[in-house]
Amino acid sequence: MRTRNRLASHHLPLLPFIDALAFVASGLMSWQSLAQSDYQPYTFTTVAGGGGFISSDGPGGAVRLSNPAGVATDSAGNVYVADTFNHAIRKVTPAGVVKTLAGLPGTFGSTDGTGSDARFYYPDKLALDSTGNLYVADSGNSTIRKVTADGVVTTLAGLAGNFGSANGTGSAARFNSPEGVAVDSAGNVYVADAENCTIRRVAPGGTNWVVTTIAGLAGNPGSANGTNSAARFNFPQGNAGGFA
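What follows is the structure, given as structure tokens:
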């Protein structure tokens, strides 16, 4: 009885609040109805994968991927996938046939080589250039790798198993769990160096790829705008860009 009396004594002051809530709810429902009326119909299909872990190449529905993190597409409609937890780079044709372009699913490492002789360690995002080369943020190895259309893998920058933030040439440079990559028409590769909280550039130079930090300051997360090292990022994970 005491509880009912307490509620009754507050009933009148609550009425304007309840009316206001009803008005807001009505407005939200109207807005949602309007927004939904503008939706475009999409059809979703599974091209490859479908749960599971390691499997051989073949038709997409029969192939298993494990936590794929990055994709890139070419003008012919092929889809390239960083099959992250399988430590491999896969290619999916427009017909849905999956082929392992580089790496050996389920086996990790850092070896350069061709096809299944190469090794990756949690490869993350991918970028494709105008000649069909893929650039891979090999996150677990803290390196940037290149994969040709024929599956030849080379390490452009960084040294596997040695993380850091040093700028430099080739294996003298250091990264710390790079996750995102993009490539421009001049062949420069831009890297979201996640754990360093920086954006790096890997510039082509024949066999000597030069790494510089273009924005952010390693080990100093934040959100400040600014120029070069005055800017701050907080674990950046992806870059956008293309070769057009």
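Just so we're aligned: 73 in the numbering used here is position 78 of the sequence shown, and the numbers increase by one with no gaps anywhere.
Virtual Cβ for every residue (Gly too), placed ideally from N, Cα, C.
**Message:** Quick test of your reading: Trp204 and Ala167, contact by CB under 8 Å. State the CB separation rounded to the nearest angstrom.
**Reply:** With a Cβ gap of about 10 Å, Trp204 and Ala167 do not count as contacting.
**Prompt:** From which residue to which residue does the beta strand (DSSP E) around Asp112 run?
**Reply:** Where Asp112 is concerned, there is no enclosing beta strand (DSSP E), given that its DSSP letter is neither H nor E.
**Request:** Look up Thr106 in the DSSP assignment and say whether it is helix, strand or coil.
**Result:** coil
**Member of Ala113, Ala177, Phe170, Pro231 whose CA lies at the smallest distance from the CA of Asn81** = Of Ala113, Ala177, Phe170, Pro231, the residue nearest in Cα terms is Ala113.
**Message:** Counting C-beta neighbours from all protein chains within 10 Å, is the total for Ala90 16 or more, i.e. buried, or is it exposed?
**Reply:** exposed
**Request:** Would you kindly check if the distance between the Cβ of Ala97 and the Cβ of Gly146 is under 8 Å?
**Result:** Yes; because the gap between Cβ atoms is below 8 Å, this pair is in contact.
**Asked** For Asn62, which residues of its own chain have a beta-carbon under 6 Å away from its beta-carbon, when the five flanking residues on both sides are left out?
**Response** Thr79, Phe80
**Message:** Please give me, in chain order, every unbroken run of the beta strand (DSSP E) with length at least 3 that falls completely inside the region 146 to 189.
**Reply:** 147 to 152, 173 to 178, 184 to 188
**Message:** Do Gly214 and Ser224 count as a contact pair if the criterion is CB distance below 8 Å?
**Reply:** no
**Request:** Please classify Ala219: is it buried, with 16 or more other beta-carbons within 10 angstroms of its beta-carbon, or exposed?
**Result:** exposed
**Asked** Residue range of the beta strand (DSSP E) that Pro118 falls in?
**Response** That run of the beta strand (DSSP E) goes 118 to 123.
**Message:** Starting from Arg196, trace the beta strand (DSSP E) in both directions and tell me its first and last residue.
**Reply:** 193 to 198
**Request:** Per DSSP, which residues does Arg85 bridge with? Please list them.
**Result:** Val76, Thr95
**Asked** How long is the line joining the alpha carbons of Ile194 and Phe228, rounded to whole angstroms?
**Response** 8 Å
**Message:** Just to confirm before moving on: does the CB-CB distance between Val197 and Val186 stay below 8 Å?
**Reply:** yes
**Request:** Put Ala67 into one of helix, strand or coil per three-state DSSP.
**Result:** strand
**Request:** Return helix, strand or coil for Ala132, following the three-state DSSP convention.
**Result:** strand
**Request:** Counting only the same chain and skipping the five closest in sequence on each side, list residues whose C-beta sits under 6 Å from that of Tyr117.
**Result:** Thr79, Ser134, Gly135
**Item:** Counted within 10 angstroms of its Cβ, other Cβ atoms place Tyr37 as buried (16 or more) or exposed
**Value:** exposed
**Message:** Measuring only the C-alpha atoms, how far is Val105 from Gln35?
**Reply:** The question names Val, yet the displayed sequence has Ser at residue 105. One C-alpha to the other measures close to 44 Å.
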